[in-house]
Amino acid sequence: MNAIYIVNVIRHMLVSSNTIDKESSPIHQHTNLRIHHRAMMASLSKLVLSAQSAHDDARILSECNELLSTVKHFVSTCQELLIPLVPVDPQFVQTKEEAEPPSVVHSNRYSLQLNLAENLETMGISIQDSAGTIMTYVNNCSGDDKNSLVVLLFTHFRNLSNQTGLFLAYLDETDFSSVLEQSEMRDLKQGKQALADALGVLFIKLQAMTSEHIEDFNACLKATREAAAALFVPIELICASVLHLAKKNRSNSNASSLQMNNKKMVSIEEKKESTIAEEIEEEEEKKAEEKKERMVKEQTEEKKDRGESVIPLERHQSEIVQSSSERPSIVQRSQTTPSSDKIKKFFGDDAPVAETVNTKPAVSERPDFLQYDYGPNDIVFNMEGHVKGGTLPALVERLTMHDYFDMNFINTFLLTYRSFCASSDLLDLLEARYNLKCPEGLTEEEATIWEEKKLKLVRLRVFNVLKNWLELYYNEDDSVLLDRLMEFIETHIRTTLKFSNGQLESLIQKRKEGVAVENVGLKKMVLTLPDPPEPILPKNRKRAKLLDIDILEMARQLTIMDFKLYSSIRPIECLDKAWSRDDDSVAVNIRASIEYCNQVTSWVSDVILSQQDIKKRSVMIKYWVQVAEKCRMLNNFNTCMAILSAFDNSSVGRLKRTWEAVGARTNQILQQIRKLMGANRNFTEYRALIHSVNPPCIPFLGIYLQDLTFIEDGNSNELKKNKELINFAKRAKTAEVIREIQQYQSSLYQLKPVEEIQEFIKSNLLSTRDEEQLYNESLKIEPREREDEKITRLLQESGFL
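Going by full-length UniProt numbering, the letters in the sequence shown line up with residues 1 to 801, in that order.
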């Protein structure tokens, strides 16, 4: 807690001094401040890691003293430089849902029902199985190949982390407003915190295993095993708390319903029917509970017969509410050890299975009815465990797996699926996945296990994919599918996932109405930063000439216009080189951004070439070089590159006499920009810079389009060895570029638009001459000259002739 307090205090200090990132103006301008800022952040990072790793007190005290020293140096330097402080008050924004009274029904939140509790328990069991898999590999470690083991453990941790994140997201998006005063809410809060803490500790223990200076590797294994085991208890506490809260919520609802019925003089027969319905529901719950207990008992007996150690199994008992002070016993679920075939599927045929773990399983193999539905040749993985290629049904199954949750794969698939299948085909396969049929020949107990460990999880995955698709990946062309999707929701999802509370229906309705959909349910930190800077206005805004507009303000207004175009680019426009097709109706936003850059280049060239006097031309070049530099300082690399292109084109670049009159300082600034934006070694310097700056930012779009073109032209749509498998590795590369484009689209510039200046810019962008006319004008103002003519001219200008 003390470490968290220290982090918050330092963060507050950095925000108030406008030094929160390394590219902020004070740090960028002052070398000493930048050095102290770097030292302070390094000391803070070490202290946080030591506090989380529970190092000895002496080391933590030493790092606290080091941090205190660096903070003192940073503060004293700020005082010397007279860095201004701005009052700030970072706070969480209260969402509409939080502001509403508890009586309001939250249509965008999950309903607290027994159906939700059951599905959360299913997800919790899946998380425990994943944690159990990590424990199994740790237990079976032979110590021969530590590196392979660590890679394998981190792979499973990524799955475990994704599953836990989804589990907690369901809890965060559930409406607990009707039971806020119940004691179980405290247990739920403690369970969520304990689960998040346990996951963090497990990551730290795994990270410690990667150190080259491990003195006792066995001790690291033991710590990792204990950290994985610590995940079991919070999950049990959370599931038990939600179950009790759901039952109390139902009781409250029934009581309210009875009270309302009394007020409305409901007949005795209707009351009897209500009572009978409740009794039937309770009887069904009792039977389900007995069936679960019978399954657990049979699994325990099987383990005893095999001579395995058995930890007593306990399920959530509705009659018992565990006190938060009591430590719940760890629940040992049926753990699943992936077979060597599965590991080969996951890591490729060359995976060092025998060297990594003992091939003798510690627990029983996964039953056939819980295996994947695709065949061994339907999907291919690379050595890193990422999907290389697969058939469409296999990829959709991977999208909705019951035992593995790969968020990166899901995002990549939804970003790029339109390049290899239609949305209607995807919906067909998702509906089929949701309505999986139970395999034939299973016993009643096996059918129950299949439903609990596979069908329920698959349905939750399909639900989440549809929700993400409607929120983030929907396109107007998909509107024809909305009615069909609504019908599927009403006939299938509404009856099986009752807790969804009409979320998908609400999203569909918003899409039909053309209303913007926001990803709700997430708290966003908002900093109360200073207001945008006041624009620098010319004296006569309506009749202003170019040189009347301040250089910085010109860069600001160009940035506002450029960012509006850049932020409108959609992922679908980046697929299959859509911007280069003859059809102007596709990739309209990329085309608009390209057109804007071309117009800026033409405008700058035209302005320079419109000046007949060499001194006026050099003044214009100086003006635009400084605008380009201001754009660079605003992280507007797209407009900066457009201006630079004007200096390098044939019409302006050949004006040798004009460039000689420009001056050394302007040429030096221009050389620095050219060096930064140069194409040497595939824009190495620019790429390094763009990955280090903090938003807001407008990257040079041309590089992304170049990368997307190379990916599209250099990779086939199907795998070379098997033409029936979609080349998903190609789509993963495309998605990586799209994600980089997207990461700068959401951070807005804090700048005020000036309508008169923007109208001036737009009118000039539309009235420029074409390249041929500009080149002819260039020849007119500076005709070609032979070498002897040049020497004669220089002698005349210097006064020798």
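The beta-carbon is built from N, C-alpha and C at its ideal position, and this holds for glycine as well.
Tell whether a beta-carbon distance below 8 Å holds between residue i and residue j.
| i | j | result |
| --- | --- | --- |
| S747 | P699 | no |
| R158 | T412 | no |
| L430 | V465 | yes |
| S423 | L481 | yes |
| F499 | Q113 | yes |
| Q557 | I761 | yes |
| T210 | V138 | no |
| S778 | L547 | no |
| T559 | L751 | yes |
| A131 | F232 | yes |
| I711 | G390 | no |
| L153 | L68 | no |
| R657 | I590 | no |
| V387 | R433 | no |
| D403 | N162 | no |
| W624 | T768 | no |
| F420 | N682 | no |
| L436 | L485 | no |
Leaving out five residues on either side along the sequence, give the residues of the same chain with a beta carbon under 7 Å from the beta carbon of residue i.
| i | result |
| --- | --- |
| E100 | Legend: pLDDT at E100 = 45, less than 50; position of this residue unreliable, value from coordinates given subsequently. Cβ within range, chain order: n/a, list empty. |
| S650 | Y775 |
| I738 | L415, P571, C574 |
| E66 | S43 |
| P538 | A544, D548, I549 |
| A642 | C597, V600, T601 |
| T496 | R459 |
| M554 | V627 |
Please return the same chain residues whose Cβ sits closer than 8 Å to the Cβ of residue i, not counting the five positions on each side in sequence.
| i | result |
| --- | --- |
| W450 | F369, L370, C438, P439, L442 |
| T122 | E452, K453, K456, L457, L460 |
| N252 | S178, V179 |
| A729 | N382, H386, V387, K388, G389, N715 |
Starting from residue i, follow its DSSP beta bridges and name the residues at the other end.
| i | result |
| --- | --- |
| E718 | I726 |
| F381 | V387 |
| G473 | It should be noted that the sequence gives Tyr, not Gly, for residue 473. Paired residue(s): none; Y473 is not in a bridge. |
| Y110 | T174 |
| I698 | N636 |
Please list the terminal residues of the continuous alpha helix (DSSP H) segment that includes residue i.
| i | result |
| --- | --- |
| G653 | 650–653 |
| V396 | 392–399 |
| G757 | It should be noted that the sequence gives Ile, not Gly, for residue 757. Element bounds for I757: 755–765. |
| Q612 | Q612 -> no alpha helix (DSSP H), and no H or E assigned at all. |
| A169 | 146–172 |
| Q26 | Residue identity differs from the one stated: residue 26 is Pro in this sequence, not Gln. 25–29 is the extent of the alpha helix (DSSP H) around P26. |
| D175 | It is not in any alpha helix (DSSP H) - D175 carries neither H nor E in the DSSP assignment. |
| L579 | It should be noted that the sequence gives Trp, not Leu, for residue 579. It is not in any alpha helix (DSSP H) - W579 carries neither H nor E in the DSSP assignment. |
| G200 | 184–208 |
| Q509 | 503–513 |
| M677 | Premise fails: M677 is in no alpha helix (DSSP H) and is neither H nor E. |
| S16 | 2–16 |
| I560 | 551–566 |
| residue 806 | Any question about residue 806 goes unanswered here, given that the chain covers just 1 to 801. |
| C220 | 217–229 |
| D483 | 482–488 |
| I690 | 684–690 |
| R657 | 656–660 |
| E451 | E451 -> no alpha helix (DSSP H), and no H or E assigned at all. |
| N411 | 407–416 |
Taking the continuous beta strand (DSSP E) assigned at residue i, which residues delimit it?
| i | result |
| --- | --- |
| K437 | That residue, K437, is in no beta strand (DSSP E); it is neither H nor E in DSSP. |
| G124 | Careful: G124 lies outside any beta strand (DSSP E), inside the alpha helix (DSSP H) at 114–139. |
Residues in the same chain with beta-carbon distance under 6 Å from residue i, minus the five sequence neighbours each way, listed in chain order, please.
| i | result |
| --- | --- |
| I83 | S17, P26 |
| H156 | T133, I134 |
| V201 | A227 |
| A117 | V242, L243, A246 |
| G124 | I235, C239 |
Jot down the residue ranges of each uninterrupted alpha helix (DSSP H) in the region 619–653, minimum 4 residues, whole runs only, in chain order.
Here the runs fully enclosed are 637–648, 650–653.
Going residue by residue through the region 58–94, where are the continuous alpha helix (DSSP H) segments of at least 4 residues, counting only ones entirely within it?
The region 58–94 is shown to contain no whole alpha helix (DSSP H) run of 4 or more residues.
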